[in-house]
Every structure is written in structure tokens, then in C-alpha cells.
Amino acid sequence: MVVSELHSLVLSHFLFTGAVLFIFGLVGFLCRRNLIMMFLCTEMMFQGVVITLVGFSRFHGNLTGQTFVIFVLTVAAAEAALALGLVVLLFRRKRTLDPEAWGELQG
Amino acid sequence: MTESVILEKLATLWPEIIMISGACICMVVGLSPKQAVRRSVVWITGLALAVAGLLLVAPHFGWWAGETSGGAAGLATAMFVRLSVILLGLLLWLTSWGVPDLLPATQVAEAAAAQGRPFNPSMVCRGEYFAFFLFSLTGAMLCASANDLVWLFLALELTSLPTYIMVATGRNHMAAQEAGLKYFFLGALSVAIFLYGFSLVYGATGTTVIVSTQLQPVSIAGYVAGLQGEFPPLLATGLLLSLVGLAFKIAAFPMHFYVADVYQGAATPVTALLAFVPKMAGFVSIMLLLSVIGWPLPVPVMWVLWIMAAVTMTVGNVLGLLQNNVKRVLAYSSIAHSGYLLVGIVAGPTTSAGTLGQGLAAVLFYIVVYGLATIGAFSVLGCLRVNGEEAQTYDEISGLSRRYPGLALLMLISILSLIGLPPLAGFVGKVYLFGSAISGSFIGLMVVAAINTAVSAVYYLRIIGACYFGESRIKIELVATRAGRLSAGLAAIAVLVLGFRGGWLVEATREATRSVSVVDVDTQPQVAAPDHLSSE
Amino acid sequence: MANLSTIDSISHYGPIVVLLVMAILFGVGNVILTTVLGPRSQGPVKGMAYESGMNPFSSARRRFHVRFYVVAMTFLLFDVEIVFLYPWAVVFGSLADESALRPLFLGRVLFFLLTSVVAFTYAWRKGVFRYD
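Laid out in C-alpha cells, this is it:
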């Protein structure tokens, strides 16, 4: 029952969802002015990639894509920890999350 | 089957395993309550690098019957890249000798411990610094032996993630943390972009294996070979997105915005690392990805790379002219050099049999020479302090030759090699690189590169002018570390030696790329090409 | 086959769509009805956070101590490591009892866990789990 319903999802559904997530993430990254939101946007791009990979994995009938997904998720978690650390470090110094507030580096 | 793939692969990775273990030991040992033990992390790092280097060359000399096999790039390329990463890694190790000790937090914690109070491990990041240093080098080495997109992705991440932390914590200055943040965010963006590219490549081909081996007969290269010239748009888009994402690692055109800020903000020894290690990893990855479709590149890919190369070098050199800060100038020079290196990638292995016909070999040669020269220049800068801060502007290094003639000479050699003046190694590298462009009849690109080289001489000569003919108004001090000066000296000697007697390295790069240039065509029956994108 | 199953599965969602429509109509309808019909009175007492309760004395939006973030990050990293144990466990369970690969597989996962122990030792020494 469940299987037949899943089969009605064709590859293009996965790809479309993945692409939409990726593009929303990209646009958000470029437009947002809050470090946490910008970081979440990159995470959204990762999730777009993940959905694309899972879709292709199902389409090709091999597990490579899903294996890839596990590694992508791990790296995304490592990046999340890193991002939180950096953002907390900067927030304690500047008391704001607006990336425009930092202008030490100008040439 | 998979089992033997893993076993075969693991047996070739002893140098990397040693380095990762060394990094783990550094992490823990750096927090030891005993001061002598804590300080030993520097030596552990050096030891790990040296042992890894010996293990790498041991099978070659017959000292040890280790397994040797390369990834998609072939054994020789992987060997060349790994060995050069280790050797230049030793120079970088010398350069960053005292970096974590200079941080105020470390000094406070060490002073407290010296007075008999309990040592506070949360304030010191000596172990972390050297552990991340080793992780990053290991990542670059792993890129060279990749034969799988998953592997390549993880290796690239292993190269980059530690550098974000090194940038943010290597220096106690607001600018360093800002630089770390910028670097991290653009890095995360670039990773997402090339991952999307990888996922599309996987979608188009149904596999993540790059080149077929006996154990893994289905591969992307095999799929492309089965296409007979036709190129599905999905695969092209995937490769293109991967290239754009990788442009971040090599500091090339669409993703070059961070370079100047990050190089300026990071501690100078960290900057030296950033100029070489991610660039090496990025270029090796680009070579791997492009070797799948083979040279001469399909026309659209060729034009994309052509424009990337031309814009990258022009942007780097023109903006380099406008800077006042030597670290920023060297950052823009790093962008420009990526542009030159892309020329070699565009040309690729040509049909011409002469020495000058090998674009990829030229890339490998040039990247090593660039790495040596830039490590030399940054090491000299890293030795200098003005009022306790890093010396960065033209004014601050002005008159260097009168106070420290030796350092000024080392700077002179490195900078002249970066310009590409004979008889230094940079000249050989440029001849080799531009020669491959001529053999591949990319005359237009060659002309752009030549004009750019001439333009770049202006800002390089300004650095030399400041060192040799400037008035010294500001008092420059030396940081009390001999290792940095030793590193600059060794780099300068290497640049001189390679300039006069560089033939063996040219030969080595030619040997190294012989296998890349020929795309593996003798593959098994391929997966059926997905001709429409619906599963039912 | 494909088309048939597509139509089938869509018809399964019919009741859910009806439920959603009813829920939206009910929610929106209530809001509209109360704004149209209900009496309105504004005042300082009415605008307080807790009408006829305690007077609020400070902002409810407190900043958490940094150590919470550190613990959250540590949790996140160790949490993700568990993901790798699932595929390993599935493959390990399917190996024959006397297979030569069993000790090899066990050794590998033990090495993997050892790296987490190194990370744990590091975090411990760094004072991540200290609450004083």
C-alpha cells in the first residue's frame, strides 16, 4: 500500500523539491542580514542537495546516493557546530548579528 | 567486492593514517597539566609529518613493501601531490611554530601555571592549532587519492573546515574573527554549490566512482566514454556547478571575494597555509573532475574555464595595484596566480610531444613553485612586528633592508619568483605554463596572461621598493622565533635551486600527469543512460 | 500501471483535503466572527501581559548562558556519529557467524568509536561538562 503510493512520486518531484530548497537557500543567503538566518539558508541548500541525492538514488536503484547523504549530513552537523561557535564568539564581542556591523577589513 | 575495494584503499593510506593519529594525539596532549608535555605538540606535529613522508617514499626506495595505488588521478599524480603537500607542509610547520604561543590567552594561562596555580586548559589552543594544521594537510593529500565523489567531498571538507577555525583563533584581533566568519560563510556556500553539482553528476551517471578500476567497473569516466561525444545537459550542469564551487578553494573568479579580507585578517602563518593547501586541493579536484571528460575539453566547458582564467587574473592584478597592505597585495596575487594556473587547466595535455605541451604537468609544477615563493614571502612578514601587531602595510615594512638585510633578501627572492623573473623558479613555471597554452593554440589566453604578468610587476616591485629604498620611519621588531626565518630561508633556497636546476621537477611532473591525460576508455558495459527523467 | 497508481493514491488524499478545508474555514471563520460581532474595550490593564495576574517585572527574553550552546554543539556532533552505526549494524548482523570479516568489522567500528572517545576526552578536559 505504502509502496504503491511512494511509486507515484516520480523523480521530477524529488528534483523539483530539491532545486526549490536549494534556490530558496541561495536567495536567502544573499538577501538575509542575520548571521543565524544566513547559516540556516546554507543548511537549506544542503537539504536541497540531500533530497536530490535521495531522489536519484531511488531512480538509479543503487544505494550510493543514500550513502552520500549520510556523509553530507555529518559534514552539515560539523559545520553547524562551527557556525554556532563562531557566531557566539562574535556576538559576545559586537552584541549584534548583523554582518554589516563588522568592517575591520577594508582595503 | 566492496570489501576488497576498502582494504586495497586503506593499505595505501598509511601516511594519512599517521597524520590523523598525530592530530588526535596533539588534541589531547595539548591540554596536559605538565608544561613540557604541552609544549611537545609542535614536535609531535613535525614527527607525524616526517614519518608520513618517509612512509610515502618508502615503497619507492624498497624500504618497506607497502601497497601503492592511486585514485582516479593515477598513482604518480597522487604520489606527487601527497609528497609536495608533506614537504611544503614541513615549511608551513616551521612558519607556524610559535603562533599559538603568541596568543594573549595562552600566555596568561601559561604564566598562571608557571606560578604554581592549576593550569586552565580552556584558555589554550596550542594542541588544536597543530591538530587542525595536520587535518588540513591530510585533507589535501586525500584529495589526490580520491576515486569517488563522496571521498572527494569529504577530503575537500577536511581541508577546509580546520582552516576556518585556524583563521578565527590564530590571532587575537577582531579582524581575525571577522575573517574567520567571512571565510566560513562563503565556504559553506561554496560547499553547497559543488555538492549540488556532485549530486547532478551522480544523477546523470548513476555512480560516484570517477574512473573505472577492476573492482569498480562502472564509473563516470566510463559513462562519458560511452556517450561518444554527446553530452547530457544534466552532467554538464553538474560539472559546471562543481567548478564554480571549487573556485572558492582555489580563490578564482566567481568566488574570490573573500580572499583579501581573509588573508589580511588571519595570522600571517595561517595565511601562508591558506595560500597553498586549499589551492592544491582545489586544483587536484578540478583536474580529477575534468579528466572524466578529457582534453581537449568540450567547447562550452573550455570557454567557461577560459573566461574564468582571464577574469581571475585580471581582477587579481588590477585590484592588487590599489592596495596599501602587503598581505592584501599578496592575497590579490594569490587570485592572479590561480588565473595563470587555470590557463594550464584549459590547455591540458596537448598533442604536442615537447616538454611545453603538458598543461597539467605545468599546473603541478607551478603550484609547487608558487607555494614555495608565497610561503617564503608570508614567513618573512610573519617574523616582523610593529608595536606588537603584525607588520602589514608598505609603510611598516619600508626600510627593511637596513634593519634586517637577510630578511629583506629572502623577501626579494620570493617576490622576484612571484613576478616570474629569470633565473628563479617562477620564471621556469611561467614558461612551462604559457608554453602549454601556445601548444594548445590558446594564443588569446596567453596574451592576456602575459599582459597580466607585466601589470603584476608594478605592485610586486612596490613591495621590493619599500623594503630596499623606503625610509624606515616605524620601528620594526623581530618575533623571537628562528623557525619562521628558517622556513623563509629554505623556501628561498628551494626557489633558487628550482630556478637553476629545476629540470628534474619538470620531469617529475611530466611523469606524474602521464596517466591523467589519457582517459580510461577500456570499460565494461555501462549503465543505461537515463534518457528521460521519470522513474515509471 | 503507473497512471493507475497515481490516480489511486490521489483519491486517498481526498478526505485529508476535505479535513484541511474544514479546519481552515473553522479557524478563519472564528477569527472573522469574533472581530465582527465581539465587543471591544482597550485600556492599560487590558494591554498587560497577564490580565488580572501578576505584574510583569522584567523581560521574558533572557539570554542563555554560553555553556548551553557548547553542550548543544557537543550533543549535535556525538548524535550524528550514531548515524554511522546503523548501516554498520545492518551489515554486521547479516554476516555469517564464522565469517572472517566479523572481527575485521568489529575492529573497525571500535576504532571509529575510539575516535569519539578521543573527542570526548578532549571536550571533558576542555571543561565542556563543568557546571560551576
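Protein chains in written order, with the numbering used here: chain A, 118 to 224; chain B, 1045 to 1580; chain C, 4 to 135.
Cβ coordinates follow ideal geometry from the N, Cα and C atoms, glycine included.
Run down chain C in chain order and give the residues with a C-beta less than 9 Å from the C-beta of residue i.
| i | result |
| --- | --- |
| B/Pro1165 | Arg128, Lys129, Gly130 |
| A/Ala136 | The contacting residues do not exist; A/Ala136 stays about 22 Å from chain C at best. |
Taking the beta carbon of residue i as the centre, do at least 16 other beta carbons fall within 10 Å, making it buried, or is it exposed?
| i | result |
| --- | --- |
| B/Ala1498 | exposed |
| C/Ser61 | exposed |
| C/Ala92 | exposed |
| B/Val1565 | Only weak support exists for where B/Val1565 lies, its pLDDT of 35 falling under 50; the value from the coordinates is given anyway. Label assigned to B/Val1565: exposed. |
| A/Glu196 | buried |
| C/His15 | exposed |
| B/Arg1126 | buried |
| B/Arg1082 | buried |
| B/Pro1449 | exposed |
| C/Tyr134 | exposed |
| B/Met1123 | buried |
| C/Ile27 | exposed |
| B/Cys1187 | buried |
| A/His177 | buried |
| B/Gln1221 | buried |
| B/Gly1543 | buried |
So is residue i in contact with chain A if we call contact Cβ pairs under 8 Å?
| i | result |
| --- | --- |
| B/Ile1209 | yes |
| C/Leu79 | yes |
| C/Phe87 | yes |
| C/Tyr134 | no |
| B/Thr1236 | The sequence as given places Ala at residue 1236 of chain B; Thr does not occur at that position. With 8 Å as the cut-off, B/Ala1236 counts as an interface residue toward chain A. |
| B/Tyr1240 | yes |
| B/Thr1358 | no |
| B/Leu1225 | yes |
| B/Leu1135 | no |
| B/Ala1380 | no |
| B/Gln1221 | yes |
| B/Glu1201 | yes |
Report, in whole angstroms, the separation of the C-beta atoms of residue i and residue j, which I expect to be a contact under 8 Å.
| i | j | result |
| --- | --- | --- |
| C/Leu23 | A/Ala194 | At roughly 34 Å, the Cβ-Cβ gap does not stay under 8 Å, so C/Leu23 and A/Ala194 are not in contact. |
| B/Leu1451 | B/Arg1529 | 7 Å |
| A/Leu201 | C/Tyr72 | 6 Å |
| B/Leu1408 | B/Thr1553 | 4 Å |
| A/Thr191 | C/Val86 | 7 Å |
| B/Gly1241 | B/Leu1285 | 3 Å |
| B/Val1539 | B/Ser1458 | 7 Å |
| B/Ser1353 | B/Leu1477 | The residue you asked about is not Ser; residue 1353 of chain B is Ala in the sequence shown. No, B/Ala1353 and B/Leu1477 are not in contact; Cβ-Cβ is about 11 Å, not under 8 Å. |
Indicate whether at least one CB of chain C lies closer than 8 Å to the CB of residue i.
| i | result |
| --- | --- |
| B/Cys1068 | yes |
| B/Met1071 | yes |
| A/Val205 | yes |
Could you name the residues of chain A that residue i contacts, counting a contact when the two beta carbons are closer than 7 Å?
| i | result |
| --- | --- |
| B/Thr1257 | Under the 7 Å cutoff, chain A gives no residues; its nearest Cβ is about 16 Å from B/Thr1257. |
| C/Met76 | Ala198, Leu201, Gly202 |
| B/Ser1458 | Within 7 Å Cβ-Cβ: nothing; B/Ser1458 doesn't reach chain A, min ~21 Å. |
Quick one: residues in its chain with C-beta nearer than 8 Å to the C-beta of residue i, no 5 flanking neighbours on either side, listed in chain order?
| i | result |
| --- | --- |
| A/Val171 | Phe131, Gly182, Gln183, Val186 |
| B/Met1346 | Pro1340, Val1390 |
| B/Gly1464 | Gly1470, Phe1471, Gly1473, Lys1474, Thr1497 |
Show which residues of chain B have a CB atom less than 8 Å away from the CB atom of residue i.
| i | result |
| --- | --- |
| C/Val83 | In chain order: nothing, as chain B lies at least about 14 Å away. |
| C/Val121 | Cys1068, Met1071, Val1072 |
| A/Phe139 | Ala1236, Tyr1240 |
By Cβ distance below 7 Å, which residues in the same chain neighbour residue i in space, the five residues on each side in sequence not counted?
| i | result |
| --- | --- |
| C/Asn33 | none |
| B/Leu1278 | Leu1244, Gly1247, Ala1248 |
| B/Ala1587 | Not covered by the structure: residue 1587 of chain B. The range shown for chain B is 1045 to 1580. |
| B/Pro1322 | Thr1203, Ser1204, Thr1207, Lys1293 |
If I measure Cβ to Cβ from residue i and keep anything under 6 Å in the same chain, skipping five residues before and after, which residues do I get?
| i | result |
| --- | --- |
| C/Ala126 | Thr77 |
| B/Leu1460 | Leu1468 |
| B/Ser1579 | With a pLDDT of 36 at B/Ser1579, under the threshold of 50, the modelled position of this residue cannot be trusted; read the value that follows with caution. The answer is none, since no qualifying residue turns up. |
| C/Val131 | Val73, Thr77 |
| B/Ser1531 | Leu1135, Leu1138, Thr1139, Ser1423 |
| B/Pro1206 | Phe1176, Phe1179, Ser1180 |
| B/Thr1525 | Trp1141, Gly1142 |
By the criterion of Cβ-Cβ separation under 8 Å, what are the contact partners of residue i in chain C?
| i | result |
| --- | --- |
| B/Leu1075 | Tyr125, Arg128, Lys129 |
| A/Ile187 | Val86, Phe87, Pro90 |
Flag residue i as yes if its beta-carbon sits less than 8 Å from any beta-carbon of chain B, otherwise no.
| i | result |
| --- | --- |
| A/Val192 | yes |
| A/Gly145 | no |
| C/Thr118 | yes |
| A/Leu180 | no |
| A/Met155 | yes |
Which residues in chain A have a C-beta closer than 9 Å to the C-beta of residue i? List them in chain order.
| i | result |
| --- | --- |
| B/Phe1471 | The contacting residues do not exist; B/Phe1471 stays about 29 Å from chain A at best. |
Given that residue i touches chain B, what residues does it touch there, using C-beta distances under 7 Å?
| i | result |
| --- | --- |
| A/Phe173 | Ser1243, Tyr1246, Gly1247 |
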